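When you read off a place in the sequence shown, starting at 1, and then add 22, the result is the number in my numbering. Take a look at the structure set out below.
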Amino acid sequence: MQKYRYEEYEALYFAVIERCGEPDTPDFLTQPQSVQSLFVAMMFDMEIQNGGLAQFFWNDGSVYAKLVPEALREIGMDDVAALYGQFVQENNITLEEMDTYRERFPMMGEGFYEYHPFDEFDEAYIKIWKETNINARFLDYAAKHPEIYEAE
(Lines of atoms letter the chains of each structure in order from A and count residues from 1; the text may use other names and numbers.)
(Lines give C-alpha, C1' and ligand atoms only; values in the text may rest on other atoms or scores of the structure.)
Protein backbone atom coordinates (compact mmCIF):
# COMPACT_ATOMS: atom_id res chain seq x y z
CA MET A 1 0.00 0.00 0.00
CA GLN A 2 1.36 3.37 -0.98
CA LYS A 3 1.88 6.28 1.38
CA TYR A 4 -0.11 9.28 0.38
CA ARG A 5 -0.97 12.80 1.28
CA TYR A 6 -4.56 13.85 1.86
CA GLU A 7 -4.31 16.14 -1.17
CA GLU A 8 -3.82 13.08 -3.39
CA TYR A 9 -6.96 11.47 -2.04
CA GLU A 10 -8.89 14.71 -2.43
CA ALA A 11 -7.74 15.05 -6.06
CA LEU A 12 -8.93 11.50 -6.76
CA TYR A 13 -12.24 12.12 -5.04
CA PHE A 14 -12.98 15.21 -7.13
CA ALA A 15 -11.74 13.57 -10.34
CA VAL A 16 -14.25 10.78 -9.79
CA ILE A 17 -17.30 12.71 -8.59
CA GLU A 18 -16.93 15.43 -11.21
CA ARG A 19 -16.69 12.86 -13.95
CA CYS A 20 -20.05 11.17 -13.66
CA GLY A 21 -23.56 11.57 -12.39
CA GLU A 22 -25.59 9.46 -10.04
CA PRO A 23 -25.73 5.68 -10.65
CA ASP A 24 -29.20 5.84 -12.14
CA THR A 25 -28.21 8.31 -14.89
CA PRO A 26 -27.02 7.59 -18.43
CA ASP A 27 -23.84 9.57 -17.74
CA PHE A 28 -22.84 7.10 -15.04
CA LEU A 29 -23.32 4.11 -17.32
CA THR A 30 -20.99 5.55 -19.97
CA GLN A 31 -18.08 5.67 -17.53
CA PRO A 32 -15.39 2.97 -17.33
CA GLN A 33 -15.97 0.31 -14.66
CA SER A 34 -13.07 1.75 -12.66
CA VAL A 35 -14.76 5.15 -12.40
CA GLN A 36 -18.15 3.62 -11.57
CA SER A 37 -16.64 1.44 -8.84
CA LEU A 38 -14.70 4.25 -7.24
CA PHE A 39 -17.69 6.58 -7.38
CA VAL A 40 -19.94 4.11 -5.57
CA ALA A 41 -17.29 3.04 -3.05
CA MET A 42 -16.26 6.61 -2.27
CA MET A 43 -19.87 7.73 -1.76
CA PHE A 44 -20.40 4.69 0.48
CA ASP A 45 -17.30 5.57 2.50
CA MET A 46 -18.22 9.25 2.74
CA GLU A 47 -21.74 8.49 4.01
CA ILE A 48 -20.49 5.98 6.58
CA GLN A 49 -17.87 8.37 7.90
CA ASN A 50 -20.42 11.18 8.03
CA GLY A 51 -23.38 9.37 9.61
CA GLY A 52 -22.96 5.64 9.30
CA LEU A 53 -24.58 2.90 7.26
CA ALA A 54 -28.03 4.09 8.34
CA GLN A 55 -27.35 7.43 6.70
CA PHE A 56 -26.07 5.72 3.55
CA PHE A 57 -29.26 3.65 3.25
CA TRP A 58 -31.54 6.58 4.06
CA ASN A 59 -29.82 9.07 1.73
CA ASP A 60 -28.96 6.81 -1.18
CA GLY A 61 -31.37 3.88 -1.06
CA SER A 62 -31.23 0.87 -3.31
CA VAL A 63 -29.83 2.75 -6.31
CA TYR A 64 -26.43 2.80 -4.62
CA ALA A 65 -26.82 -0.12 -2.21
CA LYS A 66 -27.20 -2.70 -4.97
CA LEU A 67 -23.90 -1.56 -6.53
CA VAL A 68 -21.82 -1.54 -3.36
CA PRO A 69 -20.70 -5.19 -3.17
CA GLU A 70 -19.46 -5.36 -6.76
CA ALA A 71 -17.78 -1.94 -6.52
CA LEU A 72 -15.94 -2.90 -3.35
CA ARG A 73 -14.80 -6.23 -4.80
CA GLU A 74 -13.62 -4.51 -8.00
CA ILE A 75 -11.41 -2.23 -5.91
CA GLY A 76 -10.08 -5.17 -3.90
CA MET A 77 -12.00 -4.39 -0.74
CA ASP A 78 -13.37 -7.89 -0.28
CA ASP A 79 -13.21 -7.47 3.50
CA VAL A 80 -15.60 -4.52 3.40
CA ALA A 81 -17.84 -6.23 0.82
CA ALA A 82 -18.09 -9.27 3.12
CA LEU A 83 -18.90 -7.09 6.13
CA TYR A 84 -21.61 -5.28 4.15
CA GLY A 85 -23.07 -8.48 2.70
CA GLN A 86 -23.14 -10.18 6.08
CA PHE A 87 -24.90 -7.22 7.70
CA VAL A 88 -27.54 -7.01 4.98
CA GLN A 89 -28.13 -10.77 5.07
CA GLU A 90 -28.23 -11.11 8.87
CA ASN A 91 -30.72 -8.26 9.14
CA ASN A 92 -32.85 -9.41 6.19
CA ILE A 93 -32.50 -6.01 4.50
CA THR A 94 -33.86 -5.97 0.97
CA LEU A 95 -33.52 -3.36 -1.75
CA GLU A 96 -37.27 -2.91 -1.63
CA GLU A 97 -37.10 -2.22 2.10
CA MET A 98 -34.38 0.40 1.60
CA ASP A 99 -36.62 2.32 -0.74
CA THR A 100 -39.24 2.68 2.01
CA TYR A 101 -36.93 4.15 4.66
CA ARG A 102 -37.56 7.81 3.80
CA GLU A 103 -41.32 7.33 3.91
CA ARG A 104 -41.29 5.24 7.09
CA PHE A 105 -38.73 7.43 8.85
CA PRO A 106 -39.24 11.00 7.54
CA MET A 107 -36.80 12.24 10.17
CA MET A 108 -33.89 9.84 9.94
CA GLY A 109 -32.89 10.18 13.59
CA GLU A 110 -36.30 9.30 14.98
CA GLY A 111 -36.15 5.53 15.40
CA PHE A 112 -34.27 4.72 12.23
CA TYR A 113 -30.85 4.28 13.83
CA GLU A 114 -32.37 1.70 16.16
CA TYR A 115 -34.25 -0.14 13.40
CA HIS A 116 -31.19 -2.30 12.68
CA PRO A 117 -27.93 -2.63 14.66
CA PHE A 118 -26.22 -0.04 12.45
CA ASP A 119 -23.69 0.86 15.14
CA GLU A 120 -22.24 -2.66 14.98
CA PHE A 121 -21.60 -2.30 11.26
CA ASP A 122 -20.18 1.21 11.66
CA GLU A 123 -17.76 0.14 14.38
CA ALA A 124 -16.52 -2.81 12.32
CA TYR A 125 -16.17 -0.62 9.23
CA ILE A 126 -14.18 2.05 11.07
CA LYS A 127 -11.91 -0.64 12.47
CA ILE A 128 -11.17 -1.85 8.92
CA TRP A 129 -10.79 1.77 7.80
CA LYS A 130 -8.16 2.46 10.45
CA GLU A 131 -6.31 -0.85 10.07
CA THR A 132 -6.12 -0.83 6.27
CA ASN A 133 -6.27 2.89 5.37
CA ILE A 134 -9.17 2.86 2.95
CA ASN A 135 -8.13 6.17 1.35
CA ALA A 136 -4.80 4.60 0.40
CA ARG A 137 -6.64 1.57 -0.96
CA PHE A 138 -8.66 3.85 -3.23
CA LEU A 139 -5.44 5.51 -4.39
CA ASP A 140 -3.74 2.15 -4.99
CA TYR A 141 -6.65 1.10 -7.20
CA ALA A 142 -6.61 4.40 -9.08
CA ALA A 143 -2.87 4.05 -9.71
CA LYS A 144 -3.64 0.87 -11.65
CA HIS A 145 -6.37 2.61 -13.65
CA PRO A 146 -5.07 5.81 -15.28
CA GLU A 147 -8.31 6.15 -17.24
CA ILE A 148 -9.85 7.51 -14.05
CA TYR A 149 -7.94 10.74 -14.51
CA GLU A 150 -8.39 11.01 -18.27
CA ALA A 151 -10.75 13.64 -19.60
CA GLU A 152 -13.71 12.35 -21.48
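All C-beta atoms, glycine included, are put in the ideal place defined by N, C-alpha and C. This one's a predicted model, so the numbers in the text were calculated from it and none came from an experiment.
Residue burial classification, residue i (beta-carbon count within 10 angstroms, cutoff 16)
i      : result
PHE36  : exposed
ASP144 : buried
DSSP state of residue i mapped onto helix, strand, coil
i      : result
TYR135 : helix
ASP101 : helix
GLU172 : coil
LYS149 : helix
GLY107 : helix
PRO91  : helix
GLY74  : coil
ASP121 : coil
THR154 : helix
PHE160 : helix
ASN113 : coil
PHE143 : helix
PHE127 : coil
CA-to-CA distance, residue j to residue i, given in whole angstroms
i      : j      : result
PHE134 : GLN77  : 9 Å
ARG41  : LYS166 : 18 Å
THR154 : ASP67  : 13 Å
GLY73  : SER84  : 17 Å
GLN108 : ARG159 : 21 Å
GLU112 : HIS138 : 10 Å
GLU187 : GLU118 : Residue 187 cannot be examined here, being either before or after the span of the chain that is shown, 23 to 174.
Nearest neighbour of residue i, chosen from the options [CA to CA]
i      : options                         : result
ILE115 : LEU75, SER56 and ILE170         : LEU75
ILE148 : GLU69, PHE79 and GLU136         : GLU69
ASP156 : TRP80, TYR171, ALA104 and ALA63 : It should be noted that the sequence gives Ile, not Asp, for residue 156. Checked all of TRP80, TYR171, ALA104 and ALA63; the closest Cα to ILE156 is ALA63.
GLY43  : GLN58, LEU34 and GLU32          : GLN58
PRO168 : LEU60, PRO45 and ASP49          : LEU60
Enumerate, from N- to C-terminal direction, the unbroken alpha helix (DSSP H) stretches of 4 or more residues contained entirely within the region 23 to 66. Counting only runs of 4 or more residues that sit fully inside the region 23 to 66, the alpha helix (DSSP H) segments are 28 to 39 and 48 to 51, in chain order.
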